[in-house]
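For the sequence shown, my numbering gives the first residue as 1, with consecutive numbering after it.
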Amino acid sequence: MVQKTDPYRIDAVDRALQLLSLLRDRGRLSVTEAAHELGVAPSTAHRLLSTLGLRGWAVQGDKRLYEAGPELAVHVPAAAGIPEVRRRVRPHLASLYEQLDETVHLMVLSGTDVRFVDGIESEQTLRVSLRVGTRAPAHTTPGGRAMLAELSPDALVTLHAGGLRPGPGGHARTVEELGTELEQVRAQRFGLNREMSEPGVVALGASLGTEVGGLRAALTVAVPTARLTGADAEAVAAALVETCAQAHAELSTASPPG
1 MVQKTDPYRI DAVDRALQLL SLLRDRGRLS VTEAAHELGV APSTAHRLLS
51 TLGLRGWAVQ GDKRLYEAGP ELAVHVPAAA GIPEVRRRVR PHLASLYEQL
101 DETVHLMVLS GTDVRFVDGI ESEQTLRVSL RVGTRAPAHT TPGGRAMLAE
151 LSPDALVTLH AGGLRPGPGG HARTVEELGT ELEQVRAQRF GLNREMSEPG
201 VVALGASLGT EVGGLRAALT VAVPTARLTG ADAEAVAAAL VETCAQAHAE
251 LSTASPPG
């Protein structure tokens, strides 16, 4: 731990790290409590907490209390399951790519976020680039919504106790709106983003419907809008849903390779 006499200490960084420790240990924190613990004005504490919120390390919940955000809530055991997910799902990811020759991803649910943990980029001249290694609020991605659609209404509310993190225009802004969207996802068995997150990109995602390495996982396809007509979209969705169904059948019965 950095001592206050350390000449290299940066006050803002030190205070932010103290707030992360408080959020981790207490679960919830008011601006007044944060200001008291840091020995700063409430306005300073509020700016620090708001900045942590922008990066996903904190979320503002009921009664304006700040809680640990998805970045802080990621547990080591969950992260440890990612190599197993990659290994066991990779053949199905490759199969989907071979059918479509479009950029495909494997993502896992991590708190209220999704993590893109594997992918294969299309070789076509006009293509969507890989996002492996990035994160996004689950409700703003088609694969994330497909996984959230498997949760019970109570579990969905509990998961988003601090409300939905803001996303690009067009996405649900409340848990109630999200619940309504998920009804359609359940009915069609996949989620769809048509230029909702990125101009010129249509993305579809479907859940594997089973946990792998202790994690919920989904496959997604991202296609340039210019190449996706109505008939093509139906074909892509059918291939995606069928591949995920095959993966579900295999992964829910097979034992992990030793």
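Cβ coordinates follow ideal geometry from the N, Cα and C atoms, glycine included.
- Straight-line spacing of the CA atoms in Gly-200 and Thr-225 works out to 5 Å.
- The DSSP-derived three-state label of His-105 is strand.
- Residue pairing for Ile-120: DSSP places it in a beta bridge opposite Val-104.
- Judged by DSSP in its simplified three-state form, Thr-158 adopts helix.
- If you look at Ala-218, you'll find it in the beta strand (DSSP E) that goes 215-224.
- Taking Gly-81 as the centre and dropping the five residues before and after it, the same chain places the C-beta of Gly-213, Gly-214, Leu-215 closer than 6 Å to its C-beta, in chain order.
- Between Gly-205 and Thr-141, the beta carbon gap of about 6 Å places them in contact (Cβ cut-off 8 Å).
- Shown here, Arg-115 sits in a strand according to DSSP, grouped into three states.
- For Glu-211, the three-state secondary structure derived from DSSP is strand.
- Looking from the CA of Ala-146, the closest CA among Arg-90, Val-185, Arg-115, Glu-33 belongs to Val-185.
- When beta bridges are read from the DSSP output, Tyr-66 appears opposite Leu-29, Gln-60.
- For His-139, the closest of Leu-126, Glu-121, Gly-170, Ala-235 by C-alpha to C-alpha distance is Gly-170.
- Taking every protein chain shown into account, the CB of Leu-54 has fewer than 16 other CB atoms within 10 angstroms, so this residue is exposed.
- Distance from the CA atom of Leu-65 to the CA atom of Leu-23, rounded to whole angstroms, is 11 Å.
- A straight line joining the alpha-carbon of Gln-18 with that of Leu-38 spans about 8 Å.
- Counting other Cβ atoms within 10 Å of its Cβ, Pro-70 reaches 16 or more and is therefore classed as buried.
- Here Phe-116 is near Arg-131, since their CB atoms are less than 7 Å apart.
- His-92 is classed as buried because its beta carbon has at least 16 other beta carbons within 10 Å across all chains shown.
- In this model, Gly-167 and Pro-137 are separated by some 8 Å (Cα to Cα).
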